[in-house]
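According to the working numbering, the sequence shown is numbered sequentially starting from 1.
A short worksheet on the structure shown next.
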Amino acid sequence: MAYGIRLKIWGDHACFTRPEMKVERVSYDVITPSAARGILEAIHWKPAIRWVVDTLHVLEPIRFQSIRRNEVGGKAPAGKIKSAMKRGDLADLQLLVDEDRQQRASTVLVKPAYIIEAHFELTDRAGPEDNEGKHLDIFNRRAKNGQCFHQPCLGTREFAASFELIPPGTPLPQAIAESRDLGFMLWDIDHQAKDRPALFFRAVMENGVVKVPQPTSPEIRR
């Protein structure tokens, strides 16, 4: 049995980066299912449950803004990190930000706001003490009190997300009266597969609402 929730999220800016843009960040028109899942997991997640996003409601007009941000140009090699961990010596494992800073342009969303409709399912790691009602109560309590394991973000860490639980039976805010084909959008990353492939789906917004295919849907493509 699946237990559903409704969560309103909003912020000043957002950047749900398109993977085909290799140098400068360009945001999708709306939040991706994987970003929505990340926000839910920031509020409550355990290995016993798996969040599945069902529907995304777009509450504010889709507007973009071009900005420039300082970013680190490189990253620590994975092999070097593993070697340092095996040695137990992390002294040489560092990135000097002042020496590797680059200014890059980004195209981000302005004043985004969404409603996430989602449900969770118990995984094969659920124990005898795990049940749907327990985890639903925990999520509702934490979301109502503004609690989270870490600050949820709208795509990137510098764009913090505010959130508010919408109780059952409460009418949803009106979505924007706009329909458009959003093209192929990132659904999520398959972390169970060896090479962790990206999964995509054809996103269509109808009157401000995007229906998200379920994990077993043939609409999801690799």
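Ideal Cβ positions, reconstructed from N, Cα and C, are used throughout, including at glycine.
Check	Outcome
Environment of residue 112 [buried if 16+ CB atoms lie within 10 Å]	buried
Buried versus exposed call for residue 79 [16 or more other C-beta atoms within 10 Å across all chains shown]	exposed
Rounded C-alpha distance that separates residue 108 from residue 187	19 Å
Pairwise C-alpha distance: residue 88 and residue 7	42 Å
Unbroken alpha helix (DSSP H) run spanning residue 131, endpoints	Premise fails: residue 131 is in no alpha helix (DSSP H) and is neither H nor E.
Rounded C-alpha distance that separates residue 221 from residue 166	32 Å
Counterpart residues of residue 163 in DSSP-defined beta bridges	9
Exposed unless 16 or more other CB atoms sit within 10 angstroms - verdict on residue 217	exposed
Validate contact between the region 139-154 and the region 41-53 using beta carbons, cut 8 Å, 3 pairs	yes
Enclosing alpha helix (DSSP H) for residue 71 [first to last residue]	From DSSP, residue 71 is part of no alpha helix (DSSP H) but of the beta strand (DSSP E) over 64-72.
Beta strand (DSSP E) segment containing residue 106, residue limits	101-110
Within 9 Å, strictly: CB atoms of residue 52 and residue 215	yes
Proximity to residue 182 [Cα-Cα], best of 106, 160, 207	207
Paired residues, beta bridge with residue 27 - DSSP	17
Beta carbon of residue 18 nearer than 9 Å to that of residue 105	no
Between the CA atoms of residue 201 and residue 50 - distance to the nearest angstrom	20 Å
Short Cβ contact (9 Å threshold) for residue 176 with residue 60	yes
Residue 130 vs residue 136 beta-carbon contact at 9 Å	no
Outcome for residue 125 when other beta-carbon atoms lying within 10 angstroms are tallied against a minimum of 16	exposed
Within 9 Å, strictly: CB atoms of residue 55 and residue 132	no
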